[in-house]
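In terms of full-length UniProt numbering, the sequence shown opens at residue 1 and continues consecutively. Structure first, then comments.
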Amino acid sequence: LGGDSFVIGSLITVVALIGVFIIFPSVAIFIPMFQDSAGNFAPFEFIAILSQAHIVQVMINSILLSIAVGIGCTFFGLILAIYTSRIAVISAFIGR
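Right, dumping it as structure tokens:
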């Protein structure tokens, strides 16, 4: 990275934020799937949990929501990128 402290600091900050706000909550959600009611490790406890219809419906809804958010963000990002690039071309033409 050429020793650029801002880039290194930004990269470390982004990795830390991803770890705190994405990885940690995901792991915290999945840990109870492998514990029995007493809190002991039960490797096949998730089968009993996933056999419940309402849990499967929650998972399907979450997946559909994440797909919709991904498509929506990509669409609006594309629109903003196209708009910004066209404004930059017009601004460069006017600024001559």
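Note that the Cβ used here is the ideal one computed from N, Cα and C, for glycine as well. Source: prediction; values computed, not measured.
task: Could you say which of 27, 34, 51, 62 lies nearest to residue 43 if we only look at CA atoms?
output: 34
task: Return the CA-CA distance between residue 65 and residue 72, expressed in angstroms with no decimal places.
output: 10 Å
query: Where does the unbroken alpha helix (DSSP H) through residue 49 begin, and where does it stop?
result: 45-50
query: Whose C-alpha, out of 89, 32, 14, 10, is nearest the C-alpha of residue 149?
result: The requested residue 149 is not part of the displayed model; the chain covers only 1 to 96.
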